[in-house]
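Q:
There are 4 protein chains.
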Amino acid sequence: MRQTPARRAELLATAAEVFAEQGYNATTVREIADAAGLLAGSLYYHFDSKESMLDEILATFLGELWARYEAVLAAGLGPRATLEALVTESFREIDRHRAAVAIYQKESKYLAVQPRFGYLDDSRSRFETAWLTTLERGVATGAFRADLDVRLTYRFVRDTVWVAASWYRPGGRHSPEEIARQYLSMVLEGIAVRE
Amino acid sequence: MRQTPARRAELLATAAEVFAEQGYNATTVREIADAAGLLAGSLYYHFDSKESMLDEILATFLGELWARYEAVLAAGLGPRATLEALVTESFREIDRHRAAVAIYQKESKYLAVQPRFGYLDDSRSRFETAWLTTLERGVATGAFRADLDVRLTYRFVRDTVWVAASWYRPGGRHSPEEIARQYLSMVLEGIAVRE
Amino acid sequence: MRQTPARRAELLATAAEVFAEQGYNATTVREIADAAGLLAGSLYYHFDSKESMLDEILATFLGELWARYEAVLAAGLGPRATLEALVTESFREIDRHRAAVAIYQKESKYLAVQPRFGYLDDSRSRFETAWLTTLERGVATGAFRADLDVRLTYRFVRDTVWVAASWYRPGGRHSPEEIARQYLSMVLEGIAVRE
Amino acid sequence: MRQTPARRAELLATAAEVFAEQGYNATTVREIADAAGLLAGSLYYHFDSKESMLDEILATFLGELWARYEAVLAAGLGPRATLEALVTESFREIDRHRAAVAIYQKESKYLAVQPRFGYLDDSRSRFETAWLTTLERGVATGAFRADLDVRLTYRFVRDTVWVAASWYRPGGRHSPEEIARQYLSMVLEGIAVRE
DNA sequence: CATGAATGAGTCTTCATTCAT
DNA sequence: TATGAATGAAGACTCATTCAT
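Keeping their order, the protein sequence lines are chains A, B, C and D. Under UniProt numbering, the letters of the first sequence match residues 1 to 195, in that order. Under UniProt numbering, the letters of the second sequence match residues 1 to 195, in that order. Under UniProt numbering, the letters of the third sequence match residues 1 to 195, in that order. Under UniProt numbering, the letters of the fourth sequence match residues 1 to 195, in that order.
(1) Tell me, which residues are paired with A:Phe144 by DSSP?
(2) Less than 7 Å between the C-beta atoms of B:Ala40 and B:Thr14, yes or no?
(3) By DSSP, does C:Tyr168 sit in helix, in strand, or in coil?
(4) Between which two residues does the alpha helix (DSSP H) harbouring B:Ser52 extend?
(5) From the beta carbon of C:Leu62, is the nearest beta carbon of chain D less than 7 Å away?
(6) Determine the chain D residues that contact C:Ile191 at a beta-carbon separation under 7 Å, and present them in chain order.
(7) Residues in its own chain within less than 6 Å of B:Arg92 by CB, not counting five upstream and five downstream?
(8) Alpha carbon to alpha carbon, how far is C:Leu152 from D:Gly171? Give it in angstroms, no decimals.
(9) Comparing the C-beta of D:Gln182 with each C-beta of chain C, is any distance below 7 Å?
(10) Go ahead and label A:Gln3 buried or exposed: buried means 16 or more other beta carbons lie within 10 angstroms of its beta carbon, across all protein chains shown.
(11) Give a yes or no on whether the C-beta atoms belonging to A:Gly190 and B:Leu188 are separated by under 7 Å.
(12) Would you tell me roughly how many angstroms separate the C-alpha atoms of B:Glu70 and A:Tyr110, rounded to the nearest one?
(13) Using the beta-carbon count (16 or more within 10 Å), is D:Ser123 buried or exposed?
(14) Less than 8 Å between C-beta atoms, sequence neighbours within five positions excluded: which residues of the same chain meet that for C:Val87?
(15) If we define contact as Cβ-Cβ less than 7 Å, is C:Phe156 a contact residue for chain D?
(16) Along the chain, where does the alpha helix (DSSP H) that runs through B:Leu38 open and close?
(17) Could you tell me which chain A residues have their CB closer than 7 Å to the CB of B:Val163, listed as they occur along the chain?
(18) Which of the three DSSP states is assigned to D:His46 in this structure?
(19) Any Cβ of chain A within less than 7 Å of the Cβ of B:Ala102?
(20) Within 10 Å of its beta-carbon, does A:Ala143 have 16 or more other beta-carbons around it, so buried, or fewer, so exposed?
(21) Is B:Ala165 near B:Val101, with beta carbons less than 7 Å apart?
(22) Alpha carbon to alpha carbon, how far is C:Glu17 from C:Ala26?
(23) What first and last residue would you give for the alpha helix (DSSP H) that runs through A:Phe19?
(24) Give, in chain order, every residue of the UniProt domain "HTH tetR-type" (5-65) of chain D whose Cβ lies closer than 7 Å to some Cβ of chain C.
(25) Between A:Tyr24 and the rest of its own chain, which residues show a CB-CB distance below 7 Å, the 5 nearest in sequence each way excluded?
(26) Give me the chain D residues within the contact set of C:Arg194, using Cβ-Cβ distance strictly less than 8 Å, ordered along the chain.
(27) Listing by chain order, which chain A residues have their CB less than 8 Å from the CB of B:Arg80?
(28) Assign B:Asp48 to one of two classes, buried (16 or more other C-beta atoms within 10 Å of its C-beta) or exposed (fewer than that).
(29) Excluding the 5 residues preceding and the 5 following A:Arg194 in the sequence, name in chain order all residues of the same chain whose CB lies nearer than 8 Å to its CB.
(30) Our contact map puts A:Glu136 next to A:Val150 with C-beta atoms below 8 Å; I'd like the distance itself, whole angstroms only.
(31) So, are the CB atoms of C:Val139 and D:Val163 less than 7 Å apart?
(32) Give me, in chain order, the residues of the same chain whose beta-carbon lies closer than 6 Å to that of B:Phe61; leave out the 5 immediate sequence neighbours on both sides.
(33) Using a Cβ-Cβ cutoff of less than 6 Å, which residues in the same chain neighbour C:Asp95 once the five nearest sequence positions on both sides are dropped?
(34) What's the C-alpha gap between B:Ala130 and C:Tyr44?
(35) Nearest to D:Tyr168 by alpha carbon, out of D:Ala20, D:Glu84 and D:Gln114?
(36) For D:Leu77, which residues of its own chain have a beta-carbon under 8 Å away from its beta-carbon, when the five flanking residues on both sides are left out?
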């Protein structure tokens with residue numbers, strides 16, 4: 001079961017696509033199998049259960065995401081540069097793992113309460129800490145406005161970035177870096193013309 | 001089937017709450033019935049099907065939302081005032097119908113392709129038109145920055161507002177108007193300090 | 001779900017019959033349903049699972065059995081009279097709950113290791129204690145032969161009685177009391193003619 | 001398919017062990033393969049099917065058993081000596097083929113109705129005939145008590161012996177001959193002290 | 001209006017078996 | 001001989017829905 005990780009990865013990618021499209025619960029194992037070109041039962045040669053597929057998709061995604069976040073956080077950048085780097089990495093991750101990100105967005109809330117998916121909640125708090133710290137640092141250094149509610153701002157930035165996974169299509173008009181740039185411009189400078 | 005509209009509305013409110021919490025597909029009729037204090041079969045005295053409950057919830061919500069949007073759009077305000085009014089009305093709607101908004105956010109994408117829910121797609125395009133028009137008007141009049149991609153900006157503003165339904169709890173620290181004000185401040189002026 | 005215990009008991013009796021006939025694992029829910037005259041899915045209105053049917057069958061049987069055993073053990077009889085009463089009660093129980101006894105014989109060994117069926121193991125030790133005590137008392141008072149291995153004798157008597165459930169048919173030629181009498185005669189006096 | 005009879009016998013012994021432990025139906029081919037150290041599919045190089053393994057196990061066991069029984073029956077012993085010899089051979093067989101005996105005990109009843117396993121039923125009647133004849137001979141010659149139901153006595157003796165396979169462990173405290181001796185002592189002389 | 005009971009289609013999962021390599 | 005991958009039939013269980021009372 002470990003000889004050909006290629007087949008495994010292939011099946012997981014297919015499953016992720018279908019999960020992202022229809023939602024985890026609404027997706028039947030048969031639909032995944034159809035999309036992958038085998039019979040429903042055959043999936044169980046590769047995976048223990050539908051849930052374990054979801055698990056592997058999310059864990060892989062979060063593992064990769066955190067590797068990149070950690071690199072950013074360890075770089076010792078100022079708050080504004082940190083925010084820019086985090087947002088850019090996020091859009092890159094959406095570009096690489098669009099399906100996984102979409103699944104994460106849609107399902108993580110109710111999954112996080114299950115023991116098996118406890119790491120979703122862990123991730124969420126690390127996430128929160130990283131962002132809040134960055135924002136607070138920015139307020140302290142005068143990079144960010146002090147008259148805004150930091151928690152509200154955190155939610156604003158967080159959602160703003162990740163919801164993009166619901167409409168983003170890799171290979172479209174904009175590169176992830178380009179989208180990141182425009183989002184950052186809006187988030188940092190606002191959309192109103194400065195008088 | 002229309003004896004007590006009060007009871008009907010009560011049941012719909014309960015159903016909406018459960019749908020919002022767990023997702024439409026993941027919610028069983030029995031769970032709705034449990035939450036409402038009757039047996040699953042008894043719901044069918046009031047409603048034709050689980051789907052018709054969803055339908056009624058969404059149609060009611062969109063009806064009310066558009067009544068308010070139309071009022072705003074008909075008021076002849078400038079683009080920035082229009083944007084502010086639309087955002088404020090949106091947060092008010094989240095305050096009033098949080099469950100319905102959350103359901104709409106989570107389920108409308110795949111529902112819209114079904115004939116019965118075609119109005120979701122109609123609503124989506126009216127939505128898009130109203131926002132794009134407003135943004136373009138703003139760019140033309142110099143209220144909004146001209147260097148931003150209008151479609152990207154539209155998605156940014158749209159998502160930014162509605163995702164709030166996933167974490168907003170009525171009766172919390174902030175009134176909807178307060179949240180709208182802060183969101184607008186971030187969207188319009190940005191979170192960076194202006195030099 | 002508690003209004004009509006009659007239906008419940010009826011279904012359980014049917015299930016017990018099929019379990020006893022074919023073995024628990026080899027029995028499909030559909031077979032139980034067929035025997036009961038409804039569809040497989042309908043059983044789940046009355047019971048949580050196939051396993052919970054088995055659980056209820058066994059727990060009910062053991063509950064009743066122990067009520068009778070306790071009465072015997074509390075009666076303060078001598079060891080030989082105790083042994084006779086326990087054997088007689090056992091055959092009566094086979095007469096009343098043949099199916100449950102047959103299931104218990106066939107399945108309890110591997111069920112006992114599951115937490116849910118832990119009471120099977122508890123029952124087994126109480127059983128063992130009751131019999132060993134009785135046999136040891138009998139050896140001490142000179143009622144039973146002292147030259148036999150008590151544990152072997154225990155197994156001999158225990159098995160001797162309960163295996164009868166595999167061939168006993170209620171309403172046959174012999175009443176349970178008559179069978180008990182003959183078994184006791186063989187166990188106590190032997191089948192060889194006394195010289 | 002008959003390359004190495006040693007490997008074949010090895011695999012059958014493993015299979016018998018697992019069947020005895022978990023029951024034939026509850027045992028998966030994969031479990032047998034795991035226990036034997038190969039993959040499930042590989043078993044099909046050696047055997048046609050799971051059923052054919054069971055078949056070979058039971059047929060081998062019964063073949064050996066009947067060879068010994070025939071020797072006893074052909075020896076022209078008196079009824080009591082015949083009974084003693086049959087019981088002793090039975091315990092020896094339990095010692096040699098515990099797993100096969102346990103399987104036979106648990107599964108033969110429902111297997112016997114299948115054409116493939118018709119020999120189980122044949123064996124059962126030969127068994128019955130041998131025992132009944134011996135018992136009747138014993139009653140006629142005054143070796144066994146005449147006041148007992150012969151069929152009941154037959155079942156008593158039969159069950160008494162074979163159930164031992166469910167708890168007997170080869171290499172334990174007692175040799176099969178020792179257990180046979182004690183069982184015979186109980187069956188023939190009874191467990192009560194003779195006055 | 002509500003209940004208790006049932007239906008039947010569909011879902012996830014298991015497993016004996018096959019077969020190219 | 002053995003493996004890796006798949007098949008396909010069947011099994012336990014779920015759930016929206018119906019309906020007599």
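Think of the CB as a built atom: it goes at the ideal place given N, C-alpha and C, for glycine as much as any other residue.
A: Checking against the coordinates, here is how it stands:
(1) B:Ala192
(2) no
(3) coil
(4) Taken as a continuous stretch (DSSP letters only), the alpha helix (DSSP H) holding B:Ser52 covers Lys50 to Leu73.
(5) C:Leu62 does not count as touching chain D.
(6) Contact annotation for C:Ile191 against chain D: Phe144, Arg145, Leu148, Thr153, Val187 and Leu188 [CB-CB distance below 7 Å, chain order].
(7) Pro176
(8) 16 Å
(9) yes
(10) The pLDDT assigned to A:Gln3 is 47, lower than 50, so where the model puts this residue is not dependable; a value taken from the coordinates is nonetheless given after this. Result: exposed.
(11) yes
(12) Looking at the two C-alpha atoms, the distance is approximately 36 Å.
(13) buried
(14) Val157, Val161, Ala180, Tyr183, Leu184 and Val187
(15) Output row for C:Phe156: interface = yes.
(16) From DSSP, B:Leu38 is part of no alpha helix (DSSP H); its letter is neither H nor E.
(17) Asp159 and Val163
(18) Of the three classes helix, strand and coil, the one that applies to D:His46 here is helix, per DSSP.
(19) Contact with chain A is absent for B:Ala102, since none of that chain's Cβ atoms lies less than 7 Å from the residue's Cβ.
(20) With 16 or more Cβ atoms within 10 Å of its Cβ, A:Ala143 is classed as buried.
(21) yes
(22) 13 Å
(23) Looking at the DSSP string, the run of the alpha helix (DSSP H) that includes A:Phe19 is Pro5 to Gln22.
(24) Gln22, Gly23, Asn25 and Ala26
(25) Excluding sequence neighbours, A:Tyr24 sits near Leu54, Ile103 and Glu107.
(26) Arg194
(27) Ala192
(28) By the 10 Å Cβ count, B:Asp48 comes out exposed.
(29) If we look at A:Arg194 and ignore the five residues flanking it on each side, it has no Cβ neighbours.
(30) 6 Å
(31) no
(32) Excluding positions up to five away in sequence, the list reads His97 and Ala100.
(33) Pro170 and Pro176
(34) 51 Å
(35) Selected option, being the one with the closest Cα: D:Ala20.
(36) Ala85
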